[in-house]
Amino acid sequence: DAGVTQSPTHLIKTRGQQVTLRCSPKSGHDTVSWYQQALGQGPQFIFQYYEEEERQRGNFPDRFSGHQFPNYSSELNVNALLLGDSALYLCASSLGTSFYEQYFGPGTRLTVT
Amino acid sequence: AQKVTQAQTEISVVEKEDVTLDCVYETRDTTYYLFWYKQPPSGELVFLIRRNSFDEQNEISGRYSWNFQKSTSSFNFTITASQVVDSAVYFCALTLKGTGGSEKLVFGKGTKLTVNP
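Listed in order, the protein sequences are those of chains H and Z. Going by my numbering, the letters in the first sequence line up with residues 380 to 492, in that order. Going by my numbering, the letters in the second sequence line up with residues 6 to 122, in that order.
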């Protein structure tokens with residue numbers, strides 16, 4: 380039973396560029412949530428996708444957008460990258476939109492130079 | 006403000022010592038969930054325990070135990086007879102309700118536990 384997978388593992392981008400991160404949920408799960416974890420901080424909730432729509436959103440600017448595909452996988456897009464966007468981006472999947480039982484992926488480490 | 010506070014930034018113990026990680030939360034919600042997650046150096050968050058706001062029973066799972074006290078808004082985590090493999094960053098988290106029935110999960114800043122042999 381495959382768990383949550385994320386790609387790529389590491390990514391280096393330049394300020395102003397755009398980036399797309401990918402997540403495949405655990406088998407049987409239909410909801411994907413994205414988190415940003417800056418160095419030395421706890422994860423911060425970005426948004427959640429269910430039924431191919433953004434259902435819930437944290438306090439992140441519109442530069443952060445996402446998408447969910449019919450197979451439940453998801454993408455996180457960040458436009459106009461800032462140095463402060465450097466972080467570990469974690470994806471979590473669940474069955475339904477409750478945070479009751481989430482499984483996290485290993486994350487994508489994004490470095491913006 | 007609705008938030009989670011983990012006052013201990015780093016803790017260092019010697020193997021076999023007991024260690025307690027503190028978590029204090031603030032919320033206006035009457036119904037909520039509290040969680041503890043472990044994050045080893047690999048980065049993946051590992052779920053440890055979940056508690057709902059109506060269940061104040063303490064729980065023990067092997068060397069792990071949790072003490073939930075609504076009166077003091079605390080949800081502390083104790084590792085008994087710590088082992089080197091317990092070294093990780095531990096996060097406490099809380100569900101918060103937003104407008105229109107939305108919800109989000111809020112994490113504390115984490116406590117880095119180092120268990121030395």
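Where is the CB? At the ideal position from N, CA and C, for every residue including glycine. Keep in mind that this is a model prediction, so the values were computed, not measured.
Establish whether the CB of residue i and some CB of chain H are separated by less than 8 angstroms.
i	result
Z:K8	no
Z:G113	yes
Z:E31	no
Z:S92	no
Measuring only between beta-carbons, confirm whether residue i sits less than 8 angstroms from chain Z.
i	result
H:L455	no
H:G486	yes
H:Q420	yes
H:F483	yes
H:L460	no
Can you tell me the Cα-Cα spacing of residue i and residue j, whole angstroms?
i	j	result
Z:Y42	H:F448	28 angstroms
Z:I16	Z:C97	15 angstroms
Z:A30	Z:T14	In the sequence on display, residue 30 of chain Z carries Tyr and not Ala. Computed Cα separation, rounded: 16 angstroms.
H:G486	H:Q396	20 angstroms
H:G445	Z:V19	44 angstroms
H:P387	H:L489	9 angstroms
H:G433	H:F426	As written in the sequence, residue 433 of chain H is Glu, which differs from the Gly given in the question. Using only the alpha carbons, I get a separation of about 7 angstroms.
Quick check on residue i: buried or exposed, where buried means 16 or more other Cβ atoms within 10 Å of its Cβ?
i	result
Z:V90	exposed
H:L462	exposed
H:Y479	exposed
Z:T116	buried
H:A417	exposed
Name the chain H residues that come within less than 9 angstroms of residue i, Cβ to Cβ?
i	result
Z:T100	S477, F478, Y479
Z:F73	Those within 9 angstroms of Z:F73 in chain H number zero; the least Cβ separation is about 16 angstroms.
Z:E49	G382, V383, L469, F483, G484, P485, G486
Using the beta-carbon of each residue, which ones in chain H are nearer than 8 angstroms to residue i?
i	result
Z:Y38	F478, Y479
Any chance the CB of residue i is under 7 angstroms from a heavy atom of the ligand GDP?
i	result
Z:A93	With respect to the ligand GDP, the structure shown offers nothing to examine, as it has no ligands at all.
Could you tell me which chain H residues have their CB closer than 7 angstroms to the CB of residue i, listed as they occur along the chain?
i	result
Z:K109	F424, Q435, G437
Pull up the CB-CB distance for residue i and residue j, whole angstroms please, since I reckon it's below 8 angstroms.
i	j	result
Z:E61	Z:Q74	7 angstroms
H:Q435	Z:E108	6 angstroms
I want to verify the contact list: residues of chain Z whose CB lies under 9 angstroms from the CB of residue i, in sequence order.
i	result
H:L474	Under the 9 angstroms cutoff, chain Z gives no residues; its nearest Cβ is about 14 angstroms from H:L474.
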